[in-house]
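For reference, the structure discussed in these notes is given below.
Residue numbers (the numbering used here): 40 to 599.
What follows is the structure, encoded as structure tokens:
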């Protein structure tokens, strides 16, 4: 036994009734146990838990539940925790005043005293005689021996604690839960109850002490799931406490000495419990149990997994890749802690689904552009007189003609893209389409004379796209996946038209753009090393100079 535990036990003994002949109360023993546990929590710097135990002792002693001496020890311990743990000297002095009004011999134990606690106690001694008090009779008109062997018929002077808030926690316990399956616990405040924090304390079979988990907002109340590790047959226990902003308990469901009990079964006889608006939790993997707190053994792992750095919605392959408060669900980090540590086995499963965050690809393709035969498609250089009449056509290096044959004109191009996957199903990409040897690298004005002018987008199209993967495993790295996309861009697609037989120069091409809208689908097959092949059938619509084009690029790339 360490010296800290010895100090705690001695302090607890010092807080036993100093008047050996004081008449005991029916809950003295319970209060003493709570005081001892609270002081051990205080020594271990578990201040909130210590205060909750002492407030439980305060409620146990209410209504003549404890002797005045034991009640005084409760208030003295509360004062110690308030001053030494919460640094709330004003509240601590008030608690010590209550203790001295109940028992003038009450004092903090020397092994727990600090200069701050000692100063607060001296201040309480100075105020104990002049505080606002209420007079009650611990045992109506009975003799209380409070001065060793002097029998005196006396009333006990008590300072009342502030009244509790109106309201309670409404709760319907689950009648049962499957073993190794999280247990949803939901409470709803009633009346004017204003809880700053709500905690559930749980203890499964084999656990030495209750463990605490803070409950989060759910529907009109608070909810939490007790983890799989505590769900061991035949039963598990829990209780709930609500505290205000001053860490005072304002409502409870059950208690440490009288907790709620739930049967742990292997087959359901009632509907599966769930939190409001959520599906019932699933059973955890039997070969991946986490040890219940305070319990070890070969049947479970001793350590919980470390948290990763990925944020909400990021792609993931296991719970351990997601940040604190998140778990991996359908390949993406989702809200809520993982229910067990089994998602990260010692040896990774090579067949497990993996999702990439970045993808790069490069390739080429073949397109068909539909030409309607209207002359406005073709580049022309017109020389006009002052009246606007055409006097000559001088096309230079570009073939000049009045009409072109209607139909589809082929295009060849290079293509590539970079994609970022926000989740396992949603991604965005930027890409390019380049007709390297197809079009002439200039634009000639279609309605006036003048020299040809440079046009870097004569055969180049930049685009941005949004992707959605509709196959079951999303953007998986290995194997088959498919997605659809929609996007837009800026540039031109300039196919070579089928020219009349009278034209002999090869440089003619069709104008379109500069705006672009595109839709299509992507089919991809990935290999274990991260490389993949893909095809992207695409419908291209060029605006405001309209052109409709069908592209089929074939790509090779890799995932990061």
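The C-beta atom is built at its ideal place from N, Cα and C for all residues, glycine as well.
With residue i as the anchor, note down where its beta strand (DSSP E) starts and where it stops.
i: residue 583; result: 577-584
i: residue 300; result: 299-304
i: residue 262; result: 260-265
i: residue 255; result: 255-257
i: residue 295; result: Premise fails: residue 295 is in no beta strand (DSSP E) and is neither H nor E.
i: residue 226; result: 222-228
Relative to the C-alpha of residue i, which candidate in the options has its C-alpha closest?
i: residue 471; options: 240, 445, 148, 504; result: 504
i: residue 152; options: 78, 102, 136, 393; result: 78
i: residue 211; options: 522, 228, 561, 144; result: 228
i: residue 589; options: 253, 558, 157; result: 558
i: residue 552; options: 576, 100, 581; result: 581
i: residue 131; options: 567, 164, 576; result: 164
i: residue 247; options: 260, 275, 103; result: 275
i: residue 519; options: 564, 308, 529, 66; result: 564
i: residue 91; options: 65, 237, 469; result: 237
i: residue 532; options: 571, 570, 475; result: 475
i: residue 364; options: 146, 253, 301; result: 253
Looking at the strands, I want to know which residues DSSP matches up with residue i.
i: residue 242; result: 276
i: residue 592; result: 404
i: residue 250; result: 241
i: residue 557; result: 526, 579
i: residue 446; result: 410
i: residue 563; result: 520, 573
i: residue 466; result: 460, 506
i: residue 355; result: Bridge partners of residue 355: none, in fact.
i: residue 366; result: 373
i: residue 394; result: 515
i: residue 289; result: Partner(s): none; residue 289 has no beta bridge.
i: residue 316; result: In DSSP, residue 316 forms no bridge with anything.
i: residue 216; result: 303
i: residue 281; result: 237, 290
Suppose you measure from the CA of residue i to the CA of residue j; what does that come to, to the nearest Å?
i: residue 128; j: residue 287; result: 16 Å
i: residue 255; j: residue 574; result: 46 Å
i: residue 512; j: residue 88; result: 45 Å
i: residue 355; j: residue 394; result: 6 Å
i: residue 304; j: residue 271; result: 9 Å
i: residue 107; j: residue 166; result: 19 Å
i: residue 357; j: residue 320; result: 18 Å
i: residue 534; j: residue 406; result: 9 Å
i: residue 594; j: residue 361; result: 31 Å
i: residue 311; j: residue 222; result: 9 Å
i: residue 216; j: residue 323; result: 13 Å
i: residue 524; j: residue 263; result: 39 Å
i: residue 251; j: residue 96; result: 19 Å
i: residue 400; j: residue 457; result: 7 Å
i: residue 372; j: residue 273; result: 34 Å
i: residue 170; j: residue 280; result: Any reading at residue 170 is ruled out, since the residue's pLDDT is 41, under 50, leaving its predicted position unreliable.
i: residue 445; j: residue 578; result: 19 Å
i: residue 366; j: residue 359; result: 8 Å
i: residue 69; j: residue 99; result: 8 Å
i: residue 136; j: residue 158; result: 13 Å
i: residue 499; j: residue 452; result: 9 Å
i: residue 592; j: residue 466; result: 19 Å
i: residue 123; j: residue 233; result: 27 Å
i: residue 554; j: residue 596; result: 28 Å
i: residue 148; j: residue 156; result: 10 Å
i: residue 104; j: residue 374; result: 45 Å
i: residue 468; j: residue 527; result: 11 Å
i: residue 502; j: residue 556; result: 9 Å
i: residue 134; j: residue 267; result: 41 Å
i: residue 125; j: residue 220; result: 37 Å
i: residue 65; j: residue 316; result: 44 Å
What does a CB cutoff of less than 8 Å around residue i pick up in its chain, not counting 5 residues either side in sequence?
i: residue 93; result: 73, 74, 77, 113, 116, 117, 120
Kindly indicate the opening and closing residues of the alpha helix (DSSP H) around residue i.
i: residue 164; result: 154-166
i: residue 134; result: 128-141
i: residue 100; result: 86-100
i: residue 78; result: 67-82
i: residue 110; result: 107-123
Among the residues of its own chain, which have a CB less than 7 Å from the CB of residue i, if the five just before and after it don't count?
i: residue 489; result: Here the model assigns residue 489 a pLDDT of 43, short of 50, so the residue's position is not dependable, and the following value carries that caveat. Excluding sequence neighbours, residue 489 sits near nothing in its chain.
i: residue 332; result: In this predicted model, residue 332 has a pLDDT of only 49, less than 50, meaning its place in the structure is not dependable; the value taken from the coordinates is given anyway. Result list for residue 332: 246, 250, in chain order.
i: residue 292; result: 208, 210, 226, 278, 279, 299
i: residue 603; result: What is shown of the chain runs 40 to 599, which leaves residue 603 out entirely.
i: residue 59; result: At residue 59 the pLDDT is 40, less than 50, meaning the model places this residue with poor confidence; the figure from the coordinates comes in the next sentence. No residues qualify anywhere along the chain.
Between residue i and the rest of its own chain, which residues show a CB-CB distance below 6 Å, the 5 nearest in sequence each way excluded?
i: residue 80; result: 88, 89
i: residue 249; result: 240, 242
i: residue 214; result: 309
i: residue 562; result: 521, 574
i: residue 162; result: 132
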